[in-house]
Amino acid sequence: MSSLPRQRPAVESVGLELNENLEEFTVIWLDARIDTSADCIDTKKHLQSIINYLKTFNDSAKCIDYIKAVKEEKVFLIVSGAYGEKVVPEIENLPQIRVVYVFCQNTEKHKKWASKHRIVQDIFTNKQKLYKQLTEDVRLSDASLLSIAILSPDSKQNQVTDLNQQSVKYLWSQVLVEALLRFPSSKKAKSDMLKECRQQYYDNKREIDIIQEFDKEYCAENAIAWYTRECFLYKIVNKALRTDNIDVIFKFRFFIKDLYEELSKMHATYITSVPSIVYVYRGQYMTMKELTKIKENTQGRISMNTFLSTSTSKQTALDFVQHSTTHSSLAVVLFEIEIDSTLATKPFANIKSKSYHKEENEVLIAMGSTFFIEKVEQDKQGIWNVNLVWSSKEDVELLTYMKKSLGQSTNLETLGSLLIDMGELLKAERYFKLLLEQLPENHPSIGNTYIQMSTIGLNQSNIEKAIEYSEKAEKIFQMSYPMSHPCYGSLYLNMGRIQLLQCDVISARLNLEKAAEIFSKNAPSYDLQLAAVYIQLGNISTICGEQSKMLTELKRGLEIQLKHLPNTHPDIGITYSYLGAAQLTTGLSRDALDSFTKSWEILRKSLSPCHPKYLLTCFTLSQLYDAKKDVDKKNFYLDELFDNLPGMIAQNFGDIELMSLAASMKDGSATNKDIKILETRFKEMATPLERAVLEFRRFTEALEALLKKNDYDSALELINKTLLYWQQKMPSGTIFLAELHYKTAYAYFKKQDLVSALSSINGAIEILPSDFPWFSKYQLLLGDIYRDEGNQKMKLNELDAALVAYTKAVNIYITYIQPPVHQTISNAYSSITKIHVRKHQFDLAKDNLFKARNSLPPNLLNSKHNLYNIERTVAYSIFRNSIKELINALDSDALEGFQKALSTFIQEMSLLSFDIASTHFFIGYLYTNMANNLLAENHFRFALESAIPKHPIRKITKEVSLEIKQQTLNFILADLLMIYSKTFEPEYVPRLHERAIFYCQKYPTALSHVKLATIYLRIGSVYQKAKNDNLAKNYLNDAYAVMPPDSKSIDKSEKPYFLELAEAQFKYADYCMTQSNFQAACPLFQKSLHIYKILIPATDPKIITIYRKLAGIYASRLDIPLAISCLEKVVANPSFNVENYSVAAGGEAVEGVLELVCDDPAFTTI
């Protein structure tokens, strides 16, 4: 059974728990016989008159659990003898235990075990003696309470972490108290304070009576009298200031402000009546640990966090502490304080005239005063003398700035903002909610409060909360302010941060740009807000991978902050962490480590060690040192993280499970599973940007390692796993998902799975708008995919499909490669040129060739470049086409037509960088045919002048006569006729024939027999296609006439022509077979067979086919022996496969012969 329930009245409270002890001490009574008897009730009342806060237990386990949970108060434990022997060993080393009293009926029974424990004051059988000892010990303990913060010397600042934390605590406590002192006074503030007091002392009649007296008689002028009176005010105010309990300080701000202002008034008078140097003294009990800390920091500074009572009399101060004590750990200390009244920045005064105790010469010094520790020495009487000198250096640069930024007057909004900066999110949220309750409907300040509430949601990674309050703020602003008002800048900045938390970087950038525009128009008053916008834009650029932009924007914001803020301001520290994240994404690991280290150095001096940003920096540094395999530094930052994680969770999230896990990490009882859960949850507390940068960097490094090894299957497996993870964690439109689709497309592209690559890159492009920075990178990969698709279609001779793909590629390239002069663009145009050449679309080929040349950088345009070969291909194609027109003009009498065609030809050859020497050489020859020797000689001269040193034409011109030159020209022209006779249209065939005959007659050696025969065959094939069988037959006969029938050997250089001749004979013979003209077909097959037997392997299917067809012809004539002879050659050929045998033209006759053969005994062997 626990103590009797305290039936407290319901009160409206901010941050104060119903059973919270507002005083310094707690008395606990543990006894199995505690009941509701009159004796027990009387004992409780006596105990409460000494220490108001009483807890009773009759269960030792519950009692021990309660004691362990006490954080700030000192515990005085009264325990029965039976319980004491069991409980004392478990609690004696707890710092919250001040003293233990054994209360029983038999002293001798418990003396032995009690004497073994120094924490036991004595064994009591008499209540009155117990009350008296308790009263004395409370007085002694009260004298030992001194709330100080030791600010170590600069030389030690980087070496003593706990001292640095005290400096941070001092900094924020000073700002916090300063903010509360600037709150306007109000009757409601007094009413709220007294409500809390009545709640605390509801069953303490003495204190309730004093509270009633205060309510009726208090005025600001007698604040000092009330503070020096032994009552609730002194106890609660000092504890609140000592523990930095913002909720209690806020409740008592009404009285603290009055006390401070009244002391300031007395100070103004006091310093005019005393010397410039004043000495005051204070007697104090201190633990040796506290004293040692002061001693070790001699030459450092010490700050008093509460109002400090001192005396002008050294002896009076000593009298206060010169009493025996059973606690050997408590040292008697005398503070001798030297005050230079001309340098004092905090009020102090002799308050005798207004004190409740008029007989004392008490000098009261305001809270937050700082002193220089001059020396610490122990005298012969064992008293420690600590000499302090008032320090004028109390307001460091950061503190001065922060005080100044509070303004002349503060309110709940200021307090809430300050708590956000301190990382006290849950408390900040309570005060903003209180503010919302107090503000009238549609008040403009409601909008700003909603923005702050949204900020709390952001810092808690609670997107729903952040959005809810942001939308509420927007509605209020729309009713109160024009769109150009700076409040909209704050709204857009907040919305941008929310969208950045969601990784919706598109919307975030738009809102941040709106904020930047508004703040810029209201500069310089909103320079720091503008800096915040630049920093968030830098974070967006970090997500988007815009390397130069991210660093520029972050440094731009940092530059503004450094201009307006002290170098140790936490905002600067946070910006350095963002800069570090940006540098990590660019691979600048060393720079990132430097930036995160700067961030840590600043944040540890300016933020609570429980602040999320500080701990996140510790976590990041631990990861960076882990990557560097520096175990010691990794563990240093992890220890810092886990030591302070419970406090951070309590202040910002209130997650009991996480607090328990974090506490187990601190005391070393956590399992590996606990550690993993805690690390995972801590990562979740970070913003998506902070988390994503580290995770995406690790993924990218792993992916690039696989791509470097051309292990595309493993790369795609990694991408798909990562993609699944990110799709679950982030909205579908985030840049990280777009980048994953891009990387998927790239892996498929390298694997040449173009269909999958195209699908993935389109998925990436759908996420991004066309003006997004990464859009060009995605589009260029799309262009490369189309280019390779064109290459594939070209190999399959699907020219139209290839042209479509190349055209898509080149359109993308010229749009997203700026300026559009790049080899990639030139190559795409070159590919389109090749298609048009193959399709004989020479004008289009020429247009695209010029585009290819114009888009190629000048330094690459030379004879070694592939474009040079493409130009020659186009030039020869157009050259060939131009010959038709030139020959046509040459055959006519219209000199004007020839000149026009020739002019066009020269122009095109020049534009295409064709072999100018050969061009002039050819033109000169044409003029000789027109009997214009003068013009011919001019072109021959141009040919010589434009030819390169080793050009064949130069040699010909120098070594042979004009006749030989003309003959050589005829050789060239004859060869050209050979080349282009393949593609001439039917109307050119007669003239081609005539010229061929003319050349052969005039220059018998100009064309070999096989070349001439080939020309005749080509002419014949033209007529064959035109269904003019008679002319076709005539040209074929001409071919046979010039072809020696008994050729035993063939020159290698003429092999292609012989093969073409054999093919032409075969095709024409096959044609004759379809017309049942076996008589004409037979010699053609024989001549074709003759050439093939010389030029191709005997096992070639072509030879088998000819023998089969000859067998069919012979069978149709009933020339059975010849037919069988041919069939024997077919069957004997190793490449013959009976399963693939099919009846060709004339095959029916062959089958008939085979039937006859089977019936004739003479041929049974076949």
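Quick note on numbering: the sequence shown equals residues 52 to 1217 in this note's numbering.
For every residue, glycine included, the Cβ atom is placed at its ideal position computed from N, Cα and C.
Three-state class that DSSP yields for residue i in the structure shown
i	result
residue 476	helix
residue 584	helix
residue 498	helix
residue 107	strand
residue 184	helix
residue 393	coil
residue 1083	helix
residue 593	helix
residue 485	helix
residue 307	helix
residue 91	helix
residue 189	helix
residue 491	coil
residue 533	coil
residue 141	helix
residue 372	coil
residue 71	coil
residue 253	coil
residue 1069	helix
residue 281	coil
residue 293	helix
residue 1035	Because residue 1035 carries a pLDDT of 47, less than 50, the predicted location of this residue cannot be relied on, and no value is offered for it.
When the options are compared against residue i, the one with the closest alpha-carbon
i	options	result
residue 1115	1126, 878, 1087 and 828	1087
residue 469	107, 231, 1106 and 516	231
residue 305	1133, 270 and 764	270
residue 472	90, 579, 1154 and 621	621
residue 539	834, 565 and 519	565
residue 332	843, 611, 439 and 684	439
residue 41	900, 583 and 906	Given a span of 52 to 1217 for the chain in the structure shown, any question on residue 41 remains unanswerable.
residue 849	275, 885, 530 and 832	885
residue 1064	1083, 1085, 1074 and 1091	1091
residue 567	859, 883 and 608	608
residue 836	827, 857 and 846	857
Per DSSP, cross-strand counterpart(s) of residue i
i	result
residue 651	Paired residues: none, contrary to the question.
residue 125	76
residue 173	152
residue 332	362 and 387
residue 338	381
residue 130	81 and 153
Below-9 Å beta-carbon distance, residue i vs any chain C residue
i	result
residue 359	The structure shown has no chain C; it contains just one protein chain.
If we require 4 or more residues per run, which alpha helix (DSSP H) segments fall completely within the stretch 825–884?
Taking only runs of at least 4 residues, the alpha helix (DSSP H) segments lying wholly in the stretch 825–884 are 826–846 and 850–867.
Three Cβ pairs or more, each shorter than 8 Å: is that satisfied between the stretch 429–437 and the stretch 410–418?
The stretch 429–437 makes no contact with the stretch 410–418, as fewer than three CB pairs between them are under 8 Å.
Count the C-beta pairs between the stretch 569–577 and the stretch 603–614 that are closer than 8 Å, then say yes if the count reaches three, no if not.
When Cβ pairs closer than 8 Å are counted between the two stretches, the stretch 569–577 is seen not to touch the stretch 603–614, the count staying below three.
Can you find at least 3 beta carbon pairs, one from the stretch 1110–1129 and one from the stretch 1138–1150, that sit closer than 8 Å?
Below 8 Å, enough C-beta pairs join the stretch 1110–1129 and the stretch 1138–1150 to call them touching: three or more.
Let me know the beta strand (DSSP E) ranges lying completely inside the stretch 397–452, each 3 residues or longer, listed in chain order.
Whole beta strand (DSSP E) segments, 3+ residues: 399–401, 413–416, 421–429 and 435–441.
Per the contact definition of three or more C-beta pairs closer than 8 Å, is the stretch 285–299 in contact with the stretch 343–359?
Between the stretch 343–359 and the stretch 285–299, the count of Cβ pairs shorter than 8 Å is three or higher; the stretches touch.
Is there contact here, the stretch 132–141 with the stretch 167–180, by at least three beta-carbon pairs under 8 Å?
Contact between the stretch 132–141 and the stretch 167–180 is present, with at least three C-beta pairs closer than 8 Å.
Does the stretch 627–634 touch the stretch 642–656, meaning 3 or more C-beta pairs lie closer than 8 Å?
These segments touch.
Does the count of Cβ pairs from the stretch 488–505 and the stretch 260–267 closer than 8 Å reach three?
No, the stretch 488–505 is not in contact with the stretch 260–267.
So, do the stretch 314–323 and the stretch 99–116 have three or more beta carbon pairs nearer to each other than 8 Å?
Taking 8 Å as the limit for Cβ pairs, the verdict is that the stretch 99–116 does not touch the stretch 314–323.
Is there contact between the stretch 1121–1136 and the stretch 1151–1170, where contact requires at least three CB pairs shorter than 8 Å?
These segments touch.
Under 8 Å, with one C-beta from each stretch per pair, do the stretch 174–192 and the stretch 308–321 reach the 3-pair mark?
Taking a cut-off of 8 Å for Cβ pairs, the stretch 174–192 and the stretch 308–321 do not touch, as fewer than three such pairs fall below it.
Check whether the stretch 794–808 touches the stretch 753–767, counting contact only when three or more Cβ pairs, one atom from each stretch, lie closer than 8 Å.
Yes, since at least three Cβ pairs between the stretch 794–808 and the stretch 753–767 fall closer than 8 Å, the two stretches touch.
Quick one: any contact between the stretch 535–551 and the stretch 583–593, if contact means 3 or more CB pairs under 8 Å?
Result yes; three or more Cβ-Cβ pairs closer than 8 Å.
Evaluate the contact criterion for the stretch 144–162 versus the stretch 95–102: three or more CB pairs, one atom per stretch, below 8 Å.
With a cut-off of 8 Å, the stretch 95–102 and the stretch 144–162 do not count as touching, because too few Cβ pairs lie within range.
For the 8 Å Cβ check, are there 3 or more pairs between the stretch 267–286 and the stretch 114–130?
Too few Cβ pairs lie closer than 8 Å, so no.
Scan the stretch 518–578 and note each continuous alpha helix (DSSP H) run of 4 residues or more that stays entirely inside, going in chain order.
Runs found: 537–552 and 556–572.
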